[in-house]
Amino acid sequence: YVAVGNEPFLSAYNGSYLKTTFPALKNIHRALKEAGHTDVMKATIPQNAEVYQSANDKPSEGDFRSDVKQIMLDIVKFFHDNDLPFTVNIYPFLSLYLNQHFPVEYAFFDGNGQTIPDNGKNYDNVFDANYDTLVYALNKAGIKDMKIIVGWPTDGHRYATPKLAEKFYAGLMKKLAKDVGTPLRPEKLEVYLFGLLDEDMKSILPGPFERHWGIFRYDGTPKFMLDFTGQGRKIVPVAEKDEVGPDLDYACYHGDCTAMLYGSTCSNLDKIQNISYAFNMFFQIQGQDVRACDFRGSAMITKSNASVGSCLFPIQIVSGSGDFRISYVFGRFIVAGLILLGLVTAI
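Note that my numbering numbers the sequence shown so that position 19 is 758, with each residue one more than the last.
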């Protein structure tokens, strides 16, 4: 999918993108069509769930927000005529953030909270209720068969924690694994996660949690257990260790991995420790230049001593003036220096 903007019709934007978003969508779609890609690549506009609402919090009263209703109807018709999906970002977390009296359990999928009856259907979580509010809004627009594709932050608010994010995602994955939809659309849902990584440069105007939607931290480490199969296994998504081979070769070629050779002091390290040692040697030889600590995102700087047994990781001590350097000082108790760690493994 090609996303044309992201949540352009938020009320906080005061209509700034009302006149430009739809034309941009049509231009992108036209370009894809002329290139012959529309059978496999679709243009869409990820909307915030704020573009539709319900007067009494019941899905059956769902309709598009009055100030964007006409433009939304035009966009929805264009989607329908060109076989494009409606994409929406649904954030149950925001229900808790915006309303201190919102029932906490209703934001999750456990069915432990209140149940809201509506036209013969019962809703026990806000995700289903929000989704079906959109379905009703589309139905009122005369579109009853449009494909709909659908986070939880982990910091910046008392409900923005890894524990609650894990609970939400575990419930969502379990629901998806059962191939069940919502009371109004019981068929299988198509869902995307918002988002993959935290974004440290993102605006916090919507709230201090805004930089913490990722299932991974800034450095790529996983925040919590997440089983994409929905089976509830205690596993975490980790880095692909097999992809680090070329980086390891580069670090050893431009660094010093002789201590890792057979019979040497660091010859008994496991795979991750080998990578960490090689990366650290390269980092130290490069004068602890932060640019030498990357390796396509598979490395990070730490103040923890990564030495293993008799295999001591060298630490370069640099004087404050920058004129004097002791290239290698070995000692497991020197923890003030920076040591480069390798890949993230399972928690």
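Just so it is clear, CB atoms sit at the ideal spot from N, CA and C, and this is done for glycine as well.
Inter-residue CB distance, residue i and residue j (contact presumed, cutoff 8 Å)
{"i": "Asp986", "j": "Arg1035", "result": "7 Å"}
{"i": "Leu812", "j": "Ala782", "result": "No, Leu812 and Ala782 are not in contact; Cβ-Cβ is about 18 Å, not under 8 Å."}
{"i": "Phe848", "j": "Lys913", "result": "7 Å"}
{"i": "Lys973", "j": "Ala904", "result": "Wrong, their Cβ atoms sit about 16 Å apart, outside the cutoff."}
{"i": "Ala788", "j": "Ile829", "result": "5 Å"}
{"i": "Gly801", "j": "Tyr875", "result": "4 Å"}
Own chain, CB closer than 7 Å to residue i, minus 5 neighbours either side, in chain order
{"i": "Leu1000", "result": "Ser1006"}
{"i": "Gln1025", "result": "Ala1031"}
{"i": "His896", "result": "Tyr836, Gly946, Pro947 and Phe948"}
{"i": "Val865", "result": "Pro831, Ser834, Tyr845 and Ala846"}
{"i": "Phe967", "result": "Met912"}
{"i": "Asp918", "result": "Lys927"}
{"i": "Asn680", "result": "Here the chain has residues from 740 to 1086 only, and residue 680 is not among them."}
{"i": "Asp867", "result": "Thr921 and Pro922"}
One or two residues paired with residue i in a DSSP bridge
{"i": "Phe1034", "result": "In DSSP, Phe1034 forms no bridge with anything."}
{"i": "Val930", "result": "According to DSSP, which records beta bridges pairwise, Val930 is partnered with nothing at all."}
{"i": "Pro961", "result": "Phe955"}
{"i": "Cys1050", "result": "Val1047"}
{"i": "Asp802", "result": "Gln792"}
{"i": "Gly783", "result": "Looking at the sequence provided, one finds Thr at residue 783 rather than Gly. According to DSSP, Thr783 bridges with Ala742."}
{"i": "Tyr862", "result": "Ile855"}
{"i": "Ile888", "result": "Thr826 and Glu929"}
{"i": "Leu911", "result": "In DSSP, Leu911 forms no bridge with anything."}
{"i": "Leu936", "result": "Phe955"}
Buried versus exposed, by CB contacts within 10 Å (16 or more), residue i
{"i": "Pro922", "result": "buried"}
{"i": "Tyr1016", "result": "buried"}
{"i": "Ala774", "result": "exposed"}
{"i": "Asn851", "result": "exposed"}
{"i": "His768", "result": "buried"}
{"i": "Leu944", "result": "exposed"}
{"i": "Val815", "result": "buried"}
{"i": "Ala899", "result": "buried"}
{"i": "Asp937", "result": "buried"}
Residue i in three-state terms, based on DSSP
{"i": "Cys991", "result": "helix"}
{"i": "Val827", "result": "strand"}
{"i": "Pro856", "result": "strand"}
{"i": "Leu812", "result": "helix"}
{"i": "Tyr898", "result": "coil"}
{"i": "Ile767", "result": "helix"}
{"i": "Leu877", "result": "helix"}
{"i": "Gln1023", "result": "helix"}
{"i": "Gln1055", "result": "strand"}
{"i": "Gly984", "result": "helix"}
{"i": "Ile1014", "result": "helix"}
Spatial neighbours of residue i in its chain, beta-carbon cut-off 6 Å, leaving aside the 5 residues before and after
{"i": "Ala742", "result": "Pro785"}
{"i": "Glu929", "result": "Ile888"}
{"i": "Pro901", "result": "Thr893, Lys962 and Phe963"}
Cutoff 7 Å: residue i Cβ touching any chain C Cβ
{"i": "Gln1012", "result": "Absent from the structure is chain C; it holds one protein chain and no more."}
Sequence-distant residues of the same chain with beta carbon closer than 8 Å to residue i, five excluded per side
{"i": "Leu965", "result": "Glu905, Tyr908, Ala909, Met912, Ile954, Ile974, Val975 and Pro976"}
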